[in-house]
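Novice:
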Amino acid sequence: WAWGQGRVLLAGSSPGLQTPPAAVWKPVVLAGGLGGSVTHQCFYSPTAANRHGRKFWCKVATDGRCYTVVSSSSPPPAEYRGRVALGDAPHDGTFRVTMTGLRSSDSGTYRCGIGSTNQGLYVSLNLTVSAGTRNPVPPAGNTGLEILGKGTGGMPEQTGFWRSKGNNRWSFRV
33 WAWGQGRVLL
43 AGSSPGLQTP
53 PAAVWKPVVL
63 AGGLGGSVTH
73 QCFYSPTAAN
83 RHGRKFWCKV
93 ATDGRCYTVV
103 SSSSPPPAEY
113 RGRVALGDAP
123 HDGTFRVTMT
133 GLRSSDSGTY
143 RCGIGSTNQG
153 LYVSLNLTVS
163 AGTRNPVPPA
173 GNTGLEILGK
183 GTGGMPEQTG
193 FWRSKGNNRW
203 SFRV
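Going from the sequence shown to my numbering is simple: count from 1 and add 32.
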């Protein structure tokens, strides 16, 4: 990834917005209830390479590898079949991942990105699946964006989210 080449991956921002790679933000936190669902929308610069590139959603394992949950080029593994969907809207420069039937084991770090491998442009986020609550809210200190050298920050598309311009903090309910 090289700044200024238009290969910018954003989530939750307008597609034309570009953020300098030197910026540092906290990771995005998604929260969902057991049996519930979450949706995360990624925006990307609608260049030909990005429009036709492989979109992916992967989960980071304890060994540091990111294992594909779903991609635009292959079906999900058996563990996620029927519970995850990826929809690409290349004319808008967006793709959306929805996970349903959430399980405790779905909690963890995920990447939403573009590339022939899961090491391309990506946004990292943390998913927490909680029992006993329908609309869990992430702790105030854990919300925000993460901007990586390989991509830029993210925010899920959900109802009820807001951004305080003064401190660049996001809050949302799923």
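Just so you know, even glycine gets a beta-carbon here, dropped at the ideal spot from N, CA and C.
Computed from a predicted model, the values in this text were never measured in an experiment.
For Arg-113, I'd like the list of residues in its chain whose CB is within less than 8 Å of its CB, leaving aside the five on either flank, ordered along the chain.
Specialist: What you label residue 113 is simply residue 81 of the sequence shown in a count that begins at 1. Excluding positions up to five away in sequence, the list reads Pro-107.
Novice: Just to confirm, is the Cβ distance from Phe-127 to Cys-74 under 7 Å?
Specialist: Taking the first residue of the sequence shown as 1, we reach residue 127 at position 95. Taking the first residue of the sequence shown as 1, we reach residue 74 at position 42. Yes.
Novice: Please name the residue in Leu-66, Thr-71, Thr-79 whose C-alpha comes closest to that of His-123.
Specialist: By one-based count along the sequence shown, residue 123 stands at place 91. The candidate whose alpha carbon is nearest that of His-123 is Thr-79.
Novice: In the DSSP assignment, find the beta strand (DSSP E) that holds Arg-128 and state where it starts and stops.
Specialist: Residue mapping note: residue 128 aligns to position 96 of the sequence shown, counting from 1. First-last of the beta strand (DSSP E) with Arg-128: 126-131.
Novice: Measuring alpha carbon to alpha carbon, tell me which residue in His-72, Gly-67, Gly-68 is nearest Asn-158.
Specialist: For the purposes of this step, residue 158 is taken as the residue at position 126 of the sequence shown. For the residues His-72, Gly-67, Gly-68, the minimum Cα distance to Asn-158 belongs to His-72.
Novice: For His-123, which three-state DSSP category applies?
Specialist: Working through the sequence shown from its first residue, we reach residue 123 at position 91. Collapsing the DSSP output to three states places His-123 in coil.
Novice: Measuring alpha carbon to alpha carbon, tell me which residue in Val-70, Gly-119, Val-101 is nearest Glu-111.
Specialist: Locating residue 111 in the sequence shown gives position 79, counting from the first residue. Of the candidates Val-70, Gly-119, Val-101, the one whose C-alpha sits nearest the C-alpha of Glu-111 is Val-101.
Novice: Could you check whether the Cβ of Gly-152 sits closer than 6 Å to any heavy atom belonging to the ligand MG?
Specialist: Among the components of this structure there are no ligands whatsoever, and the ligand MG is therefore not found.
Novice: Starting from Ala-163 and walking both ways along the alpha helix (DSSP H), at which residues does that stretch end?
Specialist: Within the sequence shown, residue 163 is the residue found at index 131, counting from 1. Ala-163 -> no alpha helix (DSSP H), and no H or E assigned at all.
Novice: If you draw a straight line from the C-alpha of Leu-62 to the C-alpha of Val-155, how long is it?
Specialist: Mapped onto the sequence shown, residue 62 falls at position 30. Mapped onto the sequence shown, residue 155 falls at position 123. Looking at the two C-alpha atoms, the distance is approximately 13 Å.
Novice: Could you have a look at Arg-86 and say whether DSSP puts it in helix, strand or coil?
Specialist: Within the sequence shown, the letter at position 54 stands for residue 86. Residue state, collapsed to three classes: coil.
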